[in-house]
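Under full-length UniProt numbering, the first residue of the sequence shown is numbered 1, with each subsequent residue one higher. A short write-up of the structure that comes next.
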Amino acid sequence: MRFTLPRDLYHGKNALEALKTLDGKKAMIVVGGGSMKRFGFLEKVETYLKEAGLEVQLFEGVEPDPSVETVMKGAKAMEEFEPDWIVAIGGGSPIDAAKAMWVFYEYPHTSFEDLITPFSFPTLRTKARFCAIPSTSGTATEVTAFSVITDYGKGIKYPLADFNITPDIAIVDPALAETMPKKLTAHTGMDAMTHAIEAYVSTLHCEYTDPLALHAIEMIHEYLIPSYNGDMAARDKMHDAQCLAGMAFSNALLGIVHSMAHKTGAAYSGGHIVHGCANAMYLPKVIRFNAKEPEAAARYANIARFIHLEGSTDEELVNALIARIREMNQALDIPSCIREYEGGIIDEKEFFEKLPSVAELAVGDACTGSNPRTITPAQMERLLTCCFRDEEVDF
Numbered sequence: 001m002r003f004t005l006p007r008d009l010y011h012g013k014n015a016l017e018a019l020k021t022l023d024g025k026k027a028m029i030v031v032g033g034g035s036m037k038r039f040g041f042l043e044k045v046e047t048y049l050k051e052a053g054l055e056v057q058l059f060e061g062v063e064p065d066p067s068v069e070t071v072m073k074g075a076k077a078m079e080e081f082e083p084d085w086i087v088a089i090g091g092g093s094p095i096d097a098a099k100a101m102w103v104f105y106e107y108p109h110t111s112f113e114d115l116i117t118p119f120s121f122p123t124l125r126t127k128a129r130f131c132a133i134p135s136t137s138g139t140a141t142e143v144t145a146f147s148v149i150t151d152y153g154k155g156i157k158y159p160l161a162d163f164n165i166t167p168d169i170a171i172v173d174p175a176l177a178e179t180m181p182k183k184l185t186a187h188t189g190m191d192a193m194t195h196a197i198e199a200y201v202s203t204l205h206c207e208y209t210d211p212l213a214l215h216a217i218e219m220i221h222e223y224l225i226p227s228y229n230g231d232m233a234a235r236d237k238m239h240d241a242q243c244l245a246g247m248a249f250s251n252a253l254l255g256i257v258h259s260m261a262h263k264t265g266a267a268y269s270g271g272h273i274v275h276g277c278a279n280a281m282y283l284p285k286v287i288r289f290n291a292k293e294p295e296a297a298a299r300y301a302n303i304a305r306f307i308h309l310e311g312s313t314d315e316e317l318v319n320a321l322i323a324r325i326r327e328m329n330q331a332l333d334i335p336s337c338i339r340e341y342e343g344g345i346i347d348e349k350e351f352f353e354k355l356p357s358v359a360e361l362a363v364g365d366a367c368t369g370s371n372p373r374t375i376t377p378a379q380m381e382r383l384l385t386c387c388f389r390d391e392e393v394d395f
């Protein structure tokens with residue numbers, strides 16, 4: 001088994017200043033929309049890099065759920081500029097996009113299809129090293145071996161996976177997370193909770209990932225709702241918690257909550273189902289499904305005990321955990337099912353027409369292999385139906 005993290009992780013207030021110590025000639029900064037510029041963080045990053053003696057170029061405008069096209073455009077810009085540092089700042093999207101750009105920058109003749117097989121990447125760091133600076137408290141892409149890129153033509157999200165794309169440096173500065181709007185705080189927070197829970201029950205969990213997952217769950221349980229309600233000390237704690245969850249799942253991998261979120265995210269014409277919100281809605285249903293497997297039930301019960309929920313048997317503790325997650329979702333104004341998502345933007349007829357193909361794609365997703373209970377496409381259809389209508393999972 002393998003356990004991989006960034007070589008250096010700078011955390012705490014003013015951690016951003018670590019950029020002054022980077023050794024190199026040129027840095028390409030990859031950034032998303034305008035918020036990092038608006039709050040002055042982009043300027044800080046540029047200033048610190050220039051203080052380190054680097055020539056700096058920007059690649060701006062990475063969209064949420066970055067596309068294959070954006071990745072190719074960024075890789076081309078890198079080929080022209082030839083940076084020896086790639087510095088990605090913002091939410092999961094610019095960091096994920098920059099990771100994929102990195103591969104195509106170093107290997108221009110690679111095709112996207114070559115990278116879809118997990119852990120099949122060519123060796124990176126032949127041209128550049130990578131620094132990730134997250135502004136949201138959820139994806140933890142700054143410490144993971146993953147990147148999610150969307151092919152809008154096919155309506156599919158590709159989770160790319162390879163230890164090669166684990167950043168060299170992660171800068172986890174809580175000041176950036178304090179700028180998150182309320183809804184983003186809720187969605188990214190439940191994404192982090194899902195990461196930690198799925199990592200803990202994954203078939204690939206180990207002695208190195210378990211403590212990270214459990215401590216992240218404990219912190220998110222304690223700090224997410226206060227963070228959502230504007231407590232900035234809790235917001236700072238959440239920035240660390242999501243990173244710990246990322247360290248756990250990057251090494252233990254995930255499960256079918258993520259498989260389902262990946263494949264339902266971009267599938268419907270009514271609109272996107274935001275990733276963190278999808279995870280939050282599906283998590284209680286998946287726990288119920290997985291808990292039919294006694295070993296998984298015992299581990300969910302462990303989580304419940306760890307966060308001091310009531311129950312004397314595994315079954316009671318699993319029930320308590322499901323109830324607690326549903327309570328958290330309610331407190332965060334997250335709907336209980338797809339039908340209620342954003343006032344009903346996902347059309348029921350379209351959902352059920354696409355259900356067989358979405359279910360099959362979800363079963364084939366890279367995250368399904370480490371789920372603690374195996375699932376067939378027929379069971380996945382039933383599970384997604386329960387997630388659409390908020391029905392009880394009894395199979």
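All residues carry an ideal CB built from backbone N, CA and C; glycine is no exception.
Rounded to whole angstroms, what's the CA-CA distance from Leu-309 to Thr-70? Just pull it up for me.
Position 309 of the sequence shown, counted from the start, is the residue given in the question as residue 309. Position 70 of the sequence shown, counted from the start, is the residue given in the question as residue 70. Going by the C-alpha atoms only, they are around 45 Å apart.
Where do the ends of the alpha helix (DSSP H) carrying Asp-231 lie?
Sequence index remark: in the sequence shown, residue 231 carries index 231 (1-based). From DSSP, Asp-231 is part of no alpha helix (DSSP H); its letter is neither H nor E.
Any contact between the stretch 8-18 and the stretch 63-78? By contact I mean 3 or more CB pairs, one from each, below 8 Å.
Touching, no, given that fewer than three Cβ pairs across the two stretches are closer than 8 Å.
Pull the bridge partners of Phe-59 from the DSSP assignment, please.
Your numbering for residue 59 matches position 59 in the sequence shown. Val-30.
Cα separation between Ser-312 and Lys-292?
By one-based count along the sequence shown, residue 312 stands at place 312. By one-based count along the sequence shown, residue 292 stands at place 292. So the two alpha carbons sit approximately 18 Å from each other.
Go ahead and pull the three-state DSSP assignment for Pro-6.
One-based indexing of the sequence shown puts residue 6 at position 6. The answer is coil: DSSP assigns Pro-6 none of H, G, I, E or B.
Please look up how many angstroms separate the CB atoms of Tyr-282 and Ala-261, rounded, as I've assumed it's under 8 Å.
The residue labelled residue 282 in the question sits at position 282 within the sequence shown. The residue labelled residue 261 in the question sits at position 261 within the sequence shown. So it is a contact: roughly 6 Å between Cβ atoms.
Name, in chain order, the residues that DSSP records as bridge partners for Gly-90.
In the sequence shown, counting from the first residue as 1, residue 90 sits at position 90. Gly-90 is bridged to Pro-134.
As an exercise, report each continuous beta strand (DSSP E) stretch of at least 3 residues that is fully enclosed by the stretch 121-200, in chain order.
Counting only runs of 3 or more, we get 129-134, 146-151, 156-161, 169-172.
Since Trp-85 sits in a beta bridge, which residues does DSSP pair it with?
The residue you call residue 85 lines up with position 85 of the sequence shown. The partner list for Trp-85 (beta bridge, DSSP) reads Ala-27, Arg-129.
Consult DSSP for Ser-250 and reduce its assignment to one of helix, strand or coil.
Within the sequence shown, residue 250 is the residue found at index 250, counting from 1. Reduced to three states, the DSSP call for Ser-250 is helix.
Is the separation between the beta-carbon of Pro-174 and that of Asp-236 shorter than 9 Å?
For the purposes of this step, residue 174 is taken as the residue at position 174 of the sequence shown. For the purposes of this step, residue 236 is taken as the residue at position 236 of the sequence shown. Yes, they are a contact pair.
Return the CA-CA distance between Gly-344 and Val-318, expressed in angstroms with no decimal places.
The count along the sequence shown starts at 1 and reaches residue 344 at position 344. The count along the sequence shown starts at 1 and reaches residue 318 at position 318. If I take the Cα positions, the gap works out to 30 Å.
Within its chain, find whatever has a CB closer than 6 Å to the CB of Ser-269; leave out the 5 residues flanking it on each side and keep chain order.
Taking the sequence shown and counting its residues from 1, one reaches residue 269 at position 269. Excluding positions up to five away in sequence, the list is empty.
Taking only the alpha-carbon atoms, compute the straight-line gap between Cys-367 and Phe-146 and give it to the nearest angstrom.
Reading the sequence shown from its first residue, position 367 is the one you call residue 367. Reading the sequence shown from its first residue, position 146 is the one you call residue 146. Between Cys-367 and Phe-146, the C-alpha separation is close to 11 Å.
Between Leu-383, Leu-184, Tyr-208, which lies nearest to Asp-333 when the distance is taken from Cα to Cα?
By one-based count along the sequence shown, residue 333 stands at place 333. That would be Leu-184, whose Cα lies nearest to the Cα of Asp-333.
Give the range of the alpha helix (DSSP H) segment to which Lys-354 is assigned.
Translated into positions along the sequence shown, residue 354 becomes position 354. First-last of the alpha helix (DSSP H) with Lys-354: 348-363.
Could you spell out the range, first to last residue, of the alpha helix (DSSP H) harbouring Glu-51?
Mapped onto the sequence shown, residue 51 falls at position 51. Unbroken alpha helix (DSSP H) run through Glu-51: 41-51.
Spatial neighbours of Glu-391 within its chain, please: C-beta separation below 8 Å, excluding the five flanking residues on both sides.
By one-based count along the sequence shown, residue 391 stands at place 391. Closer than 8 Å at the Cβ level, and outside the excluded window around Glu-391, lie Thr-385.
Near Met-232, what residues of its chain come up, given a Cβ to Cβ distance below 8 Å and the 5 sequence neighbours on each side ignored?
Taking the sequence shown and counting its residues from 1, the one referred to as residue 232 is at position 232. Around Met-232: Glu-178.
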